[in-house]
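Participant: Heads up: the sequence shown at position 155 corresponds to 155 in full-length UniProt numbering, and the numbers run straight through without jumps. Below is one structure. I have some questions about it.
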Amino acid sequence: MKEVRYFYVPDAANQVELPAEEATHALRVLRLKGGDEIFLMDGEGSFYRAEVTAASSKRCLYEIKENMPQKRAWKGHIHLAIAPTKMMERIEWMAEKATEIGFDELSFLNCQFSERKVVKTPRIDKIVISAVKQSHKAWKPVVNELESFKEFIQTPRSGRKFICHCYEEVEKKDFFQEISSLSDDADGKDAASLPSVDNNKDAASSSSSADITVLVGPEGDFSIDEVRLALENGYESVSLGTSRLRTETAGLVAVHMAHIARRL
Numbered sequence: 001m002k003e004v005r006y007f008y009v010p011d012a013a014n015q016v017e018l019p020a021e022e023a024t025h026a027l028r029v030l031r032l033k034g035g036d037e038i039f040l041m042d043g044e045g046s047f048y049r050a051e052v053t054a055a056s057s058k059r060c061l062y063e064i065k066e067n068m069p070q071k072r073a074w075k076g077h078i079h080l081a082i083a084p085t086k087m088m089e090r091i092e093w094m095a096e097k098a099t100e101i102g103f104d105e106l107s108f109l110n111c112q113f114s115e116r117k118v119v120k121t122p123r124i125d126k127i128v129i130s131a132v133k134q135s136h137k138a139w140k141p142v143v144n145e146l147e148s149f150k151e152f153i154q155t156p157r158s159g160r161k162f163i164c165h166c167y168e169e170v171e172k173k174d175f176f177q178e179i180s181s182l183s184d185d186a187d188g189k190d191a192a193s194l195p196s197v198d199n200n201k202d203a204a205s206s207s208s209s210a211d212i213t214v215l216v217g218p219e220g221d222f223s224i225d226e227v228r229l230a231l232e233n234g235y236e237s238v239s240l241g242t243s244r245l246r247t248e249t250a251g252l253v254a255v256h257m258a259h260i261a262r263r264l
C-alpha cells in the first residue's frame, strides 16, 4: 500500500513551501525529492494533494494539485476547559488522545486547588499538531493560554455549558444524557433552513445550539465556591459517571462522550 505523507501547513493554499520543521522531517527523515507526492492539511477543514517541486538541504517547495475539502465528523463546537495536572505529561497525553478522538478547542484553567500555574502551550500545540497528522483530522483544535477560572466562566460562550465535579451536596445531571438530548434537539430543527455543505464546516455547526463547553477541575476538584460561581454564570452541574476519575482521564472521557453524542 502506498504511504500517504501528511504535513501541517497553515493557509496551505496560499503557500508554496513547507514550514521549517515540516521541511526538516520531509527532507531528512522521509528523504523526499522533486516529483514526490505529499498531502497537506491546513487545520481549517481542507486536505491538499501536492507535488514536491524542489528540495534542498533545508527547503521543500510544493505545488498543489488538488483541493480536498472535508466534511465535519461531529456537530457543533466541542470545547474542553481543564485544570492542568502537576505532572504535565498527563495533560500532554490527554491532549494527544483527545485530538485523535476529535474536538475543537482546549483551554487551561487556573483554579483554587490547581497544582500547576504555568502551561507551555507551544509544546501542547506541537503535540496536538502531531496527533492531527497521525489521525488525519482536517480541523486542528485551538489551544488557548492558561486563564483564571473566574475570567473563563464570565466570558460569554455559545451553546450549553457544563461543569463536572464530585460534590454530593450539589445536584448533578448525567453529562452523556444531557448532551445526547441536546443532539436530538438540534436534529429536530428545520434541516431545510440550514445551508448546504461544500467547503464550509458542516451545516449543523452553524447552529450555536450544537456547541458545548465542559469544565474539568484539578485533582482536588473545583472548590465549592467555584462550582456555585459557575452555576450562577449559566453552567450546568454534571457527573461523568460513578467512578472517581483523575483529571486527565475525566477530560478524555468528557471529550469522548461529547464526540459520540455529537457524531454525524
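Beta carbons are placed, not taken as given, at the ideal position from N, Cα and C, and that holds for glycine.
For R246 versus T213, is the C-beta spacing smaller than 9 Å?
Facilitator: Not in contact: R246 and T213 (Cβ atoms no closer than 9 Å).
Participant: Can you tell me where the beta strand (DSSP E) with H79 in it begins and where it stops?
Facilitator: Where H79 is concerned, the enclosing beta strand (DSSP E) stretches over I78 to I82.
Participant: Are the stretch 132-144 and the stretch 34-43 touching by the rule of at least three beta carbon pairs closer than 8 Å?
Facilitator: Result yes; three or more Cβ-Cβ pairs closer than 8 Å.
Participant: Please state the DSSP three-state secondary structure of L27.
Facilitator: If DSSP states are grouped into helix, strand and coil, L27 belongs with the helices.
Participant: Quickly, what does DSSP pair L215 with across the bridge? List them, please.
Facilitator: Answer is A81 and I163, bridged to L215.
Participant: CB-CB under 7 Å to F152, same chain, minus the five flanking residues each way: which ones, in chain order?
Facilitator: So the list reads A81, S107 and L109, once near-sequence residues are dropped.
Participant: Are there three or more Cβ pairs, one per stretch, closer than 8 Å when the stretch 214-232 is compared with the stretch 163-177?
Facilitator: Because the criterion of three Cβ pairs below 8 Å is met, the stretch 214-232 and the stretch 163-177 touch.
Participant: What does residue 267 pair with, by DSSP beta-bridge criteria?
Facilitator: Lying outside 1 to 264, the shown extent of the chain, residue 267 is not represented and no answer is given.
Participant: Three-state secondary structure (DSSP) at F108?
Facilitator: Three-state result, F108: strand.
Participant: With a CB to CB cut of under 8 Å and the five nearest residues on each side skipped, what residues in its chain are close to A26?
Facilitator: The answer, listed in chain order, is R5, F7, L18, L32, I38, V52, A55 and C60.
Participant: With DSSP run on the structure shown, which of helix, strand or coil describes D11?
Facilitator: Note: D11 maps to coil in three-state DSSP.
Participant: Verify whether the separation of the beta carbon atoms of G35 and A73 is less than 9 Å.
Facilitator: Not closer than 9 Å, so no.
Participant: Give me the residue from I127, E178, L229 and I179 with the minimum Cα distance to T99.
Facilitator: Ranking the options by Cα distance to T99, first place goes to I127.
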